[in-house]
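**Student:**
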Amino acid sequence: MTAGEAPAVSGLLLLAGTPIGDVGDAPPRLARALVDADVVAAEDTRRLKRLTSALGITPRGKVISYHEHNEAERTPDLLAR
């Protein structure tokens with residue numbers, strides 16, 4: 117890498133909270149991030165489905181469950197992506 121050259125990005129992790137109450141409080145950036153993500157790891161995929169439906173979007177990437185009961189199993193695969 118030379119001076120002034122930006123380092124290559126090998127991955128990006130975006131953590132996003134969901135709105136409490138009115139789904140209309142969800143920022144547009146959340147909807148874009150969910151649509152554009154290669155993988156969406158959700159604690160509760162049923163709630164994610166309700167949220168994306170209310171936002172009128174469909175994630176293009178793979179949706180997986182990720183919670184305290186499977187995090188040890190799923191973490192290595194997520195980090196490898």
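Each number in this note's numbering corresponds to the 1-based position in the sequence shown with 116 added. The C-beta atom is built at its ideal place from N, Cα and C for all residues, glycine as well.
1. Tell me which same chain residues have a C-beta within less than 6 Å of the C-beta of A147, skipping the five on either side of it?
2. Identify every residue that forms a DSSP beta bridge with I180.
3. Following the continuous alpha helix (DSSP H) through A196, name the residue where it begins and the one where it ends.
4. Quick check: the Cα distance between A188 and S181, rounded to an integer number of angstroms?
5. Under a three-way DSSP split, which group does L150 fall into?
**Tutor:** For this structure:
1. Same-chain partners within the cutoff: L171 and I173.
2. A157
3. E187 to A196
4. 12 Å
5. helix
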